[in-house]
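In the UniProt record's numbering, the protein residues as written are 1 to 127.
Glycine included, C-beta positions come from ideal geometry on N, C-alpha and C.
All remarks here apply to the structure that follows.
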Amino acid sequence: MKKLTGIFVVFALMLGFSVAATAQQAGTASDSASMAPQHQAQVEFSDVDLEKFVGVQGTLEEIRQDYTQRLEAAGDQEAANRLQQEAGQLMVEAVQDEGLDVETYNQIAMALQTDQQLRDRVESMMN
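This is the structure in structure tokens:
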């Protein structure tokens, strides 16, 4: 489960960066402090949200694998940056298509780091 938790956090960070990049491209001011991981009170997540979280993992993993290969083949930093933004946007869309907002996805991913009961719930849903 530690490996899965790490993967969730990577996706959460990619989604967070994608949202920030989208906001900057749209000319929207964003508070960079809001993008940093913060210690929050333990949040309760519904089974429905956790099922959506689990349900999107396969799609996110496919995107990650596809774009990892593309990034390795990228000719320059500019191309790599474009690919990272593209991958992040696809991940945001995948999460939203699953019926989950990015903020909730990120909250679940971060909570998995410290909440053993939540990890157990998610792990049981994945099996």
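**Item:** CB contact flag (Q42, D115, <8 angstroms)
**Value:** Cβ distance < 8 angstroms, so Q42 and D115 count as in contact.
**Asked** Looking at the structure shown, is M126 part of a helix, part of a strand, or coil, going by DSSP?
**Response** DSSP places M126 in helix when its eight states are reduced to three.
**Message:** Measuring straight from C-alpha to C-alpha, what distance separates D47 and G75?
**Reply:** Rounded to the nearest whole angstrom, the C-alpha separation of D47 and G75 is 43 angstroms.
**Prompt:** Helix, strand or coil for A74 per DSSP?
**Reply:** Here A74 sits in coil by DSSP.
**Prompt:** Would you report the Cα separation of R121 and L90, rounded to the nearest angstrom?
**Reply:** Pairing R121 with L90, the inter-Cα distance amounts to about 27 angstroms.
**Contact check, V56 vs V95, beta carbons under 8 angstroms** = Taking 8 angstroms as the Cβ cut-off, V56 and V95 qualify as a contacting pair.
**Asked** Between the Cα of V92 and the Cα atoms of E44, N81 and Y105, which residue gives the shortest distance?
**Response** Of the candidates E44, N81 and Y105, the one whose C-alpha sits nearest the C-alpha of V92 is Y105.
**Prompt:** With L50 and M110 assumed to form a contact (beta carbons below 8 angstroms), what rounded beta-carbon distance in angstroms separates them?
**Reply:** Actually they are not in contact, since the Cβ atoms of L50 and M110 sit about 14 angstroms apart, beyond 8 angstroms.
**Item:** Assigned exposure category for Q117 - 16 Cβ within 10 Å defines buried
**Value:** Its Cβ having fewer than 16 others within 10 Å, Q117 is exposed.
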